[in-house]
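S.K.: First the structure, then my questions, so here it is.
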Amino acid sequence: AALARSVAEAAAEAVASSGRFTLGLSGGSLVALLARELPPALSAVPGAEPSRWLVAFCDERLVPAEHPESTGGAYRVRGGGAGAAAPTSSS
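Per our numbering, the sequence shown starts with residue 22, numbered consecutively.
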């Protein structure tokens, strides 16, 4: 919960000062952790505004999003968790 809270607080600070928060995410166990802990952290920190985030997948493989090795796909599959909190774009 501490990591998710730190992310939410950093997001709120960045959005307040520059209008945007940039976050690099890796896959692995971080997917499940953020899917579980980030939504409540965002609810608890006013101003985090996920719609103002730029999210980059740092260890993304060159595979389709549906592939089991896709980091972006793993976050999207989690839907109501980090996938919802961390907007993604195919563009």
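Where a beta carbon is used, it is the ideal one built from N, C-alpha and C, also for glycine.
Remember, it's a predicted structure, so these values are computed and weren't measured experimentally.
(1) Going by beta carbon distance, what residues of the same chain come within less than 6 Å of Ala22, once the five residues before and after it are set aside?
(2) Is Pro71 buried or exposed, if buried means 16 or more other CB atoms sit within 10 Å of its CB?
(3) Take every Cβ of the region 28-39, pair it with every Cβ of the region 82-90, and state whether three or more of those distances are shorter than 8 Å.
(4) What is the C-beta distance between Val66 and Ala29, in whole angstroms, given that I count them as a contact (C-beta under 8 Å)?
(5) Taking the Cβ atom as the reference point for each residue, do Phe78 and Leu55 lie within a distance shorter than 9 Å?
M.R.: In brief:
(1) In the sequence shown, residue 22 corresponds to position 1, counting from 1. Hits under 6 Å: Glu58.
(2) Taking the sequence shown and counting its residues from 1, the one referred to as residue 71 is at position 50. Burial is judged here by how many other beta carbons sit within 10 angstroms of a residue's own beta carbon; Pro71 has at least 16 and is buried.
(3) no
(4) Taking the sequence shown and counting its residues from 1, one reaches residue 66 at position 45. Taking the sequence shown and counting its residues from 1, one reaches residue 29 at position 8. Indeed, because the Cβ distance is near 4 Å, the residues count as touching under 8 Å.
(5) Start at 1 with the first residue of the sequence shown, and residue 78 comes out as number 57. Start at 1 with the first residue of the sequence shown, and residue 55 comes out as number 34. Their beta carbons are not under 9 Å apart, which means Phe78 does not touch Leu55 by this criterion.
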